[in-house]
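Encoded as structure tokens, the structure appears first; notes follow it.
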Amino acid sequence: MKNMKKLSPAFWAAAAVLSVVLLMALFPGLFTRYDPIEQDILSLLKPPSADHIFGTDNLGRDVASRVIYSARLDLAIGFLAMLIPAVTGTLVGLLSGYYGGRVDAVIMRILDIFTAFPTMVLVIGIVAILGSGVKNLFIAIWLVGWREYARLVRSDVLVEKNNEYVAAARSLGYSDLRIMLRHILPNVISPVIVYAVSDIMMCMLMGASLSFLGLGVPTPTPEWGAIISDGKNYMMTAWWIITFPGIMLALTGISISIVGNELSKRLSRRH
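The opening residue of the sequence shown carries number 18 in the numbering used here; numbering runs sequentially from there.
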């Protein structure tokens, strides 16, 4: 309870925002009665009103419903695109740091090749080769996103493997796999968790950016970046099309960042 009271107002505000976004993703029907892909030619480019609180787009679709239903896909992109690279990079970093030698040299050369190119350039290149779509978007982020996790874990494992508890585990005849997963991993996982939280935000922004460029989520699937892309040609006449999904994307990203910072502070106090 004492730790809960020490949480900042910013954290509680961020948690409230994320709770609402999560509810929107899980139960979108509670927040809107409109179908996000249903077109209405009699309601083209209507400004915000009592019937359409976020207005309508160039096809007469309710912008609020599209923003609300987008939460499910954008959160999925953030969490799933983070999860597999985090697991992969952590395992690669464990192997590289623990065994060292040729194993470490080979892995580090592979990392150097990937790191030579900016993340966004690599992702765009992979998506351009594979083609647009949600599946290929995930594949592109997965192929690129493991790098930072591997470097982060490797650097900590290089230190941890020289500690006495590792030597004691070896003297007891424990296997390398058990030493890595049962003894070393729990001592290097905290920075990974902190980075993973911030990486959720980066994956969401990357997915929205690719959708904005036409390389991510195909129309008419509701996604914040895709909605902004659809409304960019109507910025002067229908500002609401890009404003509300932009606000939701920004609020969600900032909230995740605040929660991640708070988590980082608490984990650092324990070590």
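The beta-carbon is built from N, C-alpha and C at its ideal position, and this holds for glycine as well. All figures in this text were calculated on a predicted structure; none of them were measured in a lab.
Range of the contiguous alpha helix (DSSP H) that encloses residue i
| i | result |
| --- | --- |
| residue 181 | 181-188 |
| residue 157 | 151-177 |
| residue 234 | No alpha helix (DSSP H) holds residue 234; DSSP gives it neither H nor E. |
| residue 199 | Counting along the chain, residue 199 falls outside any alpha helix (DSSP H), and DSSP gives it neither H nor E. |
| residue 125 | 118-132 |
| residue 247 | 241-248 |
| residue 29 | 26-43 |
| residue 67 | Per DSSP, residue 67 belongs to no alpha helix (DSSP H) and is neither H nor E. |
| residue 47 | Looking at the DSSP string, residue 47 is not in any alpha helix (DSSP H), and its letter there is neither H nor E. |
| residue 58 | It is not in any alpha helix (DSSP H) - residue 58 carries neither H nor E in the DSSP assignment. |
| residue 136 | 136-147 |
Residue i and residue j closer than 7 Å at C-beta
| i | j | result |
| --- | --- | --- |
| residue 72 | residue 257 | yes |
| residue 161 | residue 144 | no |
| residue 111 | residue 174 | yes |
| residue 34 | residue 268 | yes |
| residue 167 | residue 106 | yes |
| residue 261 | residue 246 | no |
| residue 266 | residue 241 | yes |
| residue 131 | residue 164 | yes |
| residue 171 | residue 224 | no |
| residue 108 | residue 154 | no |
| residue 218 | residue 270 | yes |
| residue 208 | residue 169 | yes |
| residue 232 | residue 149 | yes |
| residue 184 | residue 200 | no |
| residue 220 | residue 95 | yes |
| residue 84 | residue 151 | no |
C-alpha distance - residue i paired with residue j, whole-angstrom precision
| i | j | result |
| --- | --- | --- |
| residue 243 | residue 276 | 26 Å |
| residue 36 | residue 206 | 26 Å |
| residue 58 | residue 86 | 21 Å |
| residue 272 | residue 32 | 7 Å |
| residue 82 | residue 264 | 15 Å |
| residue 53 | residue 39 | 18 Å |
| residue 137 | residue 125 | 21 Å |
| residue 119 | residue 176 | 18 Å |
| residue 70 | residue 214 | 32 Å |
| residue 274 | residue 29 | 13 Å |
| residue 282 | residue 27 | 14 Å |
| residue 50 | residue 253 | 28 Å |
Contacting residues, own chain, Cβ-Cβ under 6 Å from residue i (five flanking each side not counted)
| i | result |
| --- | --- |
| residue 238 | none |
| residue 64 | 72 |
| residue 18 | Its pLDDT being 46, under 50, residue 18 is placed unreliably by the model, and the measurement read from it follows with that caveat. Correct list: empty, nothing qualifies. |
| residue 60 | 73, 77 |
| residue 45 | 85, 86 |
Contacting residues, own chain, Cβ-Cβ under 8 Å from residue i (five flanking each side not counted)
| i | result |
| --- | --- |
| residue 24 | 279 |
| residue 121 | 113, 114, 171 |
| residue 255 | 62, 64, 72, 74, 75, 248 |
Proximity test, Cβ basis, 7 Å: residue i and chain D
| i | result |
| --- | --- |
| residue 181 | This model lacks chain D altogether; it includes just one protein chain. |
Is it the case that the region 92-108 contacts the region 153-160, given that we only count it when at least three CB pairs across the two stretches are under 8 Å?
yes
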